[in-house]
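Residue numbers (my numbering): 4 to 606.
Ideal Cβ placement from N, Cα and C applies to all residues, glycine included.
As the structure is a prediction and not an experimental result, all values here were calculated from the model.
Here's what the structure looks like:
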């Protein structure tokens, strides 16, 4: 109770004051003022006890009075609090009633607003639905229109691609027919010869008209069919002219010999043409002029020997390739070849030497580690020949894939090829064979089309590739041929490893190649592409070795004589790039050293 009352705070107007008059206590002074009487000790003791009792009673009375006063005060406070609570409750009830009335009014307003909003929303929703329907219909029409345009565009591109192929084929046919026409000049009626020229010019003009329509995107399916008809007619004309030329030459042979030997039409692959010429001298005069349009006489024997070696070499491991029981062995050999070649780079001499040792040991018939497994090519009698051919093919494929995109890598492959060529001469012959098979323009050899030969077979011999039955595009074909030429030219100017002072394939072959190329009639795109890649890669070294002779060759032969012929027969990016290179050469007087070239053996 004392703690409770100690914490109470009373309002000033309700404070209850306890006055001294409410109770009296005996005064000490009063006791002192009383006259002292002489009393006995027992009387004093009794008086003291009585006084003590009186004081206790007075104290109890005083405490009771205080308690009564406090209780009265508490009662007043509780009564006041009760009144205050009742007043607050009344006020709160009033506020609540007012709040409820306000809320009811607001709810009524909100309900009205919501009803109005719902009404407006329904109208707006209907409008939105109508708008969405219109938009959906418009999008559908636009989508259909876009799909139709894309379909038309795709169809147009397919037409253009087909026409481009027909154009390329026609140009090849045109180039193949032209050399035969002078032969017919003195042997057929001039009117008939004029008809041949007129027919060719008419076909070319028609094709040019269709090509111009391609530029404006106006070609249709009938144009594609017309291009096909033009090529069929031109091919038939070529067959007719070739037969006429053969008849003329046969008559000459009959006049020169009483018992002529009838020439056998060539139906085998082109590598077999040259050996037939070498083995049968009596036929040289009858076909030399025709072949001279496609390959120089000096290269026929060389090409035939390389391809004959390739045929014999691949035949030696035919059993290994066909035996199903040796599938795992073939797989291990391929890994032993592919892994070092794929990881080969010019990062440092130790890296190149490591890859060389692995390939050298493989071709030597020694154990090599491939993915924690020992592989030994000599485990099968045909294993080394099989691996050697795989390795040669793989290096040429690197030119096709890697060098085409990264020309600097050519020199790393070139120095490795030369080193292995020194160790294994047959490997060098296989390198050349795969070069010529992938890119016959390295001979150089413009392989003619045989009578009755299909388009696929013909283009495959030219170096084109087919993917899903579709011939590769011209720009991709030229890019691959450029990579192979860069690798070939890099071999001509690179050096083998330390300890192999002599290179097995030198710039002498480069001079032979460029001289042979300049003596042949240039072909569309490929001639300019090959010459540009060769000069850009090996031109600086050709000048360093041959000096004045090479500069005279470039200025007097290439620039002044060959380029006008090239521009006449070919147009496009390949010729433009070659012209820019030659223009820079005329300004600076030299070809730049290619990036990645290593002037000395460094491994």
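Buried or exposed for residue 48, going by 16 or more other Cβ atoms inside 10 Å? Counting from 1 along the chain shown, the entry for residue 48 is found at position 45. Residue 48 comes out exposed.
For residue 561, the nearest candidate out of 548, 572, 582 (CA to CA): Counting from one through the chain shown, the residue named residue 561 turns up at place 558. Among 548, 572, 582, the Cα nearest to that of residue 561 is on 582.
Could you give the distance in angstroms between the alpha-carbon of residue 566 and the alpha-carbon of residue 502? Taking the first residue of the chain shown as 1, we reach residue 566 at position 563. Taking the first residue of the chain shown as 1, we reach residue 502 at position 499. The C-alpha of residue 502 is placed about 43 angstroms away from the C-alpha of residue 566.
Beta-ladder partner(s) of residue 372, from DSSP: Against the chain shown, residue 372 aligns to sequence position 369. According to DSSP, residue 372 bridges with 377.
Considering only their Cβ atoms, is the gap separating residue 536 from residue 492 smaller than 8 angstroms? By one-based count along the chain shown, residue 492 stands at place 489. By one-based count along the chain shown, residue 536 stands at place 533. Yes, Cβ-Cβ distance for residue 492 and residue 536 is below 8 angstroms.
Beta-carbon gap between residue 533 and residue 448 smaller than 8 angstroms: Here the question's residue 533 lines up with position 530 in the chain shown. Here the question's residue 448 lines up with position 445 in the chain shown. For residue 533 and residue 448, no; Cβs fall outside 8 angstroms.
7 angstroms CB neighbourhood of residue 593 in its chain, flanking five on each side removed: In the chain shown, residue 593 corresponds to position 590, counting from 1. Correct list, in chain order: 543, 546.
Only counting the same chain, and skipping five residues up and downstream in sequence, which positions put a Cβ closer than 7 angstroms to that of residue 398? Sequence index remark: in the chain shown, residue 398 carries index 395 (1-based). The beta carbon of residue 398 is closer than 7 angstroms to those of 344, 416, 420, 434 in its chain, skipping five residues each way along the sequence.
Between residue 176 and residue 238, which are expected to be in contact by the criterion C-beta below 8 angstroms, what is the C-beta distance as a whole number of angstroms? The residue given as residue 176 occupies position 173 in the chain shown. The residue given as residue 238 occupies position 235 in the chain shown. Rounded, the Cβ-Cβ distance is 6 angstroms, consistent with contact.
Straight-line gap, residue 584 to residue 499 (C-alpha atoms, nearest Å): Here residue 584 refers to the residue found at position 581 of the chain shown. Here residue 499 refers to the residue found at position 496 of the chain shown. If I take the Cα positions, the gap works out to 29 angstroms.
Going by the beta-carbon positions, is the gap between residue 577 and residue 490 smaller than 8 angstroms? Stepping through the chain shown from its first residue, residue 577 is reached at position 574. Stepping through the chain shown from its first residue, residue 490 is reached at position 487. No, Cβ-Cβ distance for residue 577 and residue 490 is not below 8 angstroms.
Starting from residue 426, trace the alpha helix (DSSP H) in both directions and tell me its first and last residue. Against the chain shown, residue 426 aligns to sequence position 423. Counted as a single uninterrupted DSSP element, the alpha helix (DSSP H) harbouring residue 426 occupies residues 413-426.
Residue nearest to residue 486 in terms of C-alpha spacing, selected from 395, 338, 402: As a working mapping, residue 486 is identified with position 483 in the chain shown. Answer by Cα proximity: 402.
Between 599, 598, 568, 563, which has its C-alpha nearest residue 586's C-alpha? Counting from 1 along the chain shown, the entry for residue 586 is found at position 583. When the alpha-carbon of residue 586 is set against those of 599, 598, 568, 563, the nearest one is in 563.
To the nearest angstrom, how far is it from the Cα of residue 429 to the Cα of residue 411? Position 426 of the chain shown, counting from 1, holds the residue named residue 429. Position 408 of the chain shown, counting from 1, holds the residue named residue 411. So the alpha carbons of these two residues sit roughly 27 angstroms apart.
For residue 526, I'd like the list of residues in its chain whose CB is within less than 8 angstroms of its CB, leaving aside the five on either flank, ordered along the chain. Against the chain shown, residue 526 aligns to sequence position 523. Counting only Cβ-Cβ distances below 8 angstroms, and skipping sequence neighbours, we find 175, 178, 449, 572, 573.
Please state whether the Cβ-Cβ distance between residue 349 and residue 342 is less than 8 angstroms. Counting from 1 along the chain shown, the entry for residue 349 is found at position 346. Counting from 1 along the chain shown, the entry for residue 342 is found at position 339. Against a cut-off of 8 angstroms, the Cβ pair of residue 342 and residue 349 comes out as no contact.
How do the segment 153-167 and the segment 507-521 stand: do at least 3 beta-carbon pairs fall below 8 angstroms, yes or no? no
Classification of residue 84 by the beta-carbon crowding that lies within 10 angstroms, buried from 16 upward: Here residue 84 corresponds to residue number 81 of the chain shown, with the count starting at 1. Burial call: exposed.
If you compare alpha carbons, which of 550, 165, 232, 248 is closest to residue 222? Here the question's residue 222 lines up with position 219 in the chain shown. Checked all of 550, 165, 232, 248; the closest Cα to residue 222 is 165.
Secondary structure of residue 291, DSSP reduced to three states: For this step, residue 291 is matched to residue 288 along the chain shown. For residue 291, the predicted model reports a pLDDT of 39, less than 50, meaning its position is unreliable; a value from the coordinates is still stated below. Three-state result, residue 291: helix.
Residues in the same chain with beta-carbon distance under 7 angstroms from residue 446, minus the five sequence neighbours each way, listed in chain order, please. The residue labelled residue 446 in the question sits at position 443 within the chain shown. The answer, listed in chain order, is 298, 302, 306, 439.
What number of angstroms, rounded off, separates the C-alpha of residue 243 from the C-alpha of residue 454? Position 240 of the chain shown holds residue 243. Position 451 of the chain shown holds residue 454. Each residue's alpha carbon lies about 10 angstroms from the other.
Kindly confirm or deny that the segment 145-153 and the segment 182-200 touch, where touching means at least three C-beta pairs closer than 8 angstroms. no
In this structure, does DSSP put residue 470 in helix, strand or coil? Locating residue 470 in the chain shown gives position 467, where the first residue counts as 1. Note: residue 470 maps to strand in three-state DSSP.
Buried or exposed: where does residue 103 fall if 16 or more other Cβ atoms within 10 Å of its Cβ makes it buried? Looking up residue 103 in the chain shown gives position 100. It counts as exposed.
Three-state secondary structure (DSSP) at residue 503? Residue numbering aside, residue 503 sits at position 500 when the chain shown is read from its first letter. DSSP places residue 503 in coil when its eight states are reduced to three.
Below 8 angstroms CB to CB, which residues in the same chain sit around residue 272 once its five sequence neighbours on both sides are set aside? Within the chain shown, residue 272 is the residue found at index 269, counting from 1. With a pLDDT of only 31 at residue 272, under the threshold of 50, the placement of this residue in the model should not be trusted; the figure read from the coordinates follows. For residue 272, where only same-chain residues beyond five positions count, the Cβ hits under 8 angstroms are 464.
First and last residue of the uninterrupted alpha helix (DSSP H) at residue 203: If you number the chain shown from 1, residue 203 lands on position 200. Note, residue 203: alpha helix (DSSP H), 193-218.
Is residue 514 helix, strand or coil when you go by DSSP? What you label residue 514 is simply residue 511 of the chain shown in a count that begins at 1. In this structure, residue 514 counts as helix in the three-state DSSP scheme.
Pick from 187, 202, 231, 388 that is closest to residue 248, judged by C-alpha positions: For the purposes of this step, residue 248 is taken as the residue at position 245 of the chain shown. That would be 187, whose Cα lies nearest to the Cα of residue 248.
From 170, 88, 595, 142, pick the residue whose C-alpha is nearest to that of residue 217; which is it? In the chain shown, counting from the first residue as 1, residue 217 sits at position 214. Sorting 170, 88, 595, 142 by C-alpha distance to the C-alpha of residue 217 places 170 at the top.
With 16 other CB atoms within 10 Å as the buried threshold, where does residue 520 fall? For the purposes of this step, residue 520 is identified with residue 517 of the chain shown, where counting begins at 1. Residue 520 is buried by the Cβ-count criterion.
Three-way DSSP call (helix, strand, coil) for residue 121 in this model: Numbered from 1 along the chain shown, position 118 holds the residue referred to as residue 121. It is helical.
Alpha carbon to alpha carbon, what distance is there between residue 98 and residue 75? Here residue 75 refers to the residue found at position 72 when the chain shown is read from its first residue. Here residue 98 refers to the residue found at position 95 when the chain shown is read from its first residue. Going from the Cα of residue 75 to the Cα of residue 98 covers about 34 angstroms.
Flag this pair as yes or no: are the beta carbons of residue 339 and residue 323 separated by less than 8 angstroms? Here the question's residue 339 lines up with position 336 in the chain shown. Here the question's residue 323 lines up with position 320 in the chain shown. No, the Cβ-Cβ distance between residue 339 and residue 323 is not below 8 angstroms.
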